[in-house]
Amino acid sequence: MDNTTEKTFRSAFVALVGRPNSGKSSILNNILKENLSIVTPLPQTTRKNMRGIYTTDSIQIVFVDTPGVHKGKHSLNKAMLTEVKEMLDEGGIDCVGYVVDCSREFGIEEEAVAELVGKQSVGKLIIFNKIDITRNINEVITSFFNKFPTLKDSPHLKISALDHNSGELVLQQLDPFIHEGPRFYDPDEITDASLRFFAAEYLRKYIILNNREEVPHAAFIEIESYKETPERHEIVATIHVETNGQKGIVIGKNGTGIEKIRKGARLEIKKLVGCPVSLTCHVKVSPGWRDNDSFLRLMGLPVGKK
Ligand SMILES: Nc1nc2c(ncn2[C@@H]2O[C@H](COP(=O)(O)OP(=O)(O)OP(=O)(O)O)[C@@H](O)[C@H]2O)c(=O)[nH]1
Ligand SMILES: [Mg+2]
């Protein structure tokens, strides 16, 4: 890179924050044009902050996809909320992209997000999402700003994250928040998360897609081993669930359930790593893991903090 380019290079850290299911991960994937972060119809799909990196010749934006802001009874839910709050408190963020699901009522959950975002001293971009399934979107936006007047002065846009152009629209609106700065990551890096992380996430995605609500929330994936050679990646994973009943559901009749999950995840991991993958899955009952700090630590979540 010559000096002229270096001088004018611009970068920013942008956190995508919002209620569970508002479309944060969908927006990130749309910007990166990759199915990086797992997206499912289940609220609380994202459990941990994950960086997604967008780079061109002249700019780099490091996005942080975050767990949906919600209150839940388990230590897991509390740790997920702390994960979001700590990231904002640490102060490295230049802009919060507040993702609002316009298709649902703005209840107490939205109030909590608006309060959290409102008190940030950094730039904010309000991303009104799901306009494809929202009636009277302009009225919805007006009612949002009436309810949360402190956010009135922030720029906003309305999108449907299902629309392929929506990533481009978000990028355009973020431009004023990107200032002269270094390139933090190599241009070909799209994340700093590990392959182990993605192996676990893709397994969880297929558990969510193939099972009903109780099971996905009670599932945790531990990668027992990840052996990487240039020809092949060999992964052994344990799926922890909380009850024997859930174990039976995940395994399914004659193992058909677990095989579906294994196959779906294996294909996605293979796509990501670009070489053959073998994936072995065990299912184990670990009662109460959602309130067990050792499990939360294993997930890399903050524990023992308010
Ligand atoms: N109709 C419609 N569905 C959307 C839109 N954006 C996201 N979705 C769907 O909403 C669901 C949740 O999307 P995600 O991107 O996983 O939402 P999230 O905010 O990351 O959710 P959590 O990780 O649970 O906090 C998925 O089924 C998406 O396909 C949209 O603009 N329109
Ligand atoms: Mg998500």
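Be aware that the sequence shown starts at 3, since it is given in this note's numbering, and climbs by one per residue. Virtual Cβ for every residue (Gly too), placed ideally from N, Cα, C.
Beta carbon of residue i: closer than 7 Å to some heavy atom of ligand 2?
i           : result
residue 103 : no
residue 39  : yes
residue 26  : yes
residue 152 : no
residue 240 : no
residue 58  : no
Look up residue i in the DSSP assignment and say whether it is helix, strand or coil.
i           : result
residue 231 : coil
residue 254 : coil
residue 145 : helix
residue 107 : coil
residue 199 : helix
residue 67  : strand
residue 52  : strand
residue 182 : strand
residue 87  : helix
residue 150 : coil
residue 44  : coil
residue 82  : helix
residue 208 : helix
residue 295 : helix
residue 194 : coil
residue 171 : helix
residue 36  : coil
residue 6   : Caution is warranted here: a pLDDT of 48 is assigned to residue 6, below 50, making its placement in the model unreliable, and no coordinate value can be reported.
Would a C-beta distance cut-off of 8 Å place residue i and residue j closer than the cut-off?
i           : j           : result
residue 85  : residue 50  : yes
residue 133 : residue 161 : yes
residue 15  : residue 99  : no
residue 32  : residue 168 : yes
residue 287 : residue 244 : yes
residue 193 : residue 54  : yes
residue 10  : residue 77  : no
residue 337 : residue 228 : This structure cannot settle anything about residue 337, because the visible part of the chain is limited to 3 through 308.
residue 71  : residue 19  : yes
residue 114 : residue 150 : no
residue 131 : residue 29  : yes
residue 183 : residue 27  : no
residue 249 : residue 279 : no
Mind checking who residue i pairs with in its DSSP beta bridge?
i           : result
residue 125 : 97
residue 283 : 239
residue 62  : 13, 57
residue 222 : 242
residue 20  : 101
residue 159 : 129
Under 7 Å: does the beta carbon of residue i sit that close to some heavy atom of ligand 1?
i           : result
residue 45  : yes
residue 69  : yes
residue 86  : no
residue 10  : no
residue 193 : no
residue 132 : yes
residue 22  : yes
residue 163 : yes
residue 253 : no
residue 135 : yes
residue 245 : no
residue 144 : no
- Task: Report yes or no: do the segment 61 to 70 and the segment 226 to 244 share at least 3 C-beta pairs separated by less than 8 Å?
- Result: no
For this session: Spell out a yes or no on whether the segment 13 to 29 and the segment 275 to 292 are touching, meaning 3 or more CB-CB pairs, one atom from each, closer than 8 Å.
Result: no
> Given 8 Å as the limit, is there contact between the segment 122 to 129 and the segment 171 to 179, that is, 3 or more CB pairs closer than that?
Replying inline: yes
Q) Would you call the segment 193 to 208 and the segment 221 to 229 touching, i.e. three or more CB-CB distances under 8 Å? A) These segments touch.
Practice task
Inspect the CB distances between the segment 252 to 267 and the segment 295 to 308 and report whether three or more fall short of 8 Å.
Solution key: no
Are three or more beta carbon pairs between the segment 107 to 121 and the segment 164 to 171 nearer than 8 Å?
-> no
Quick check: the segment 210 to 219 against the segment 42 to 49, are there 3 or more CB pairs under 8 Å? yes
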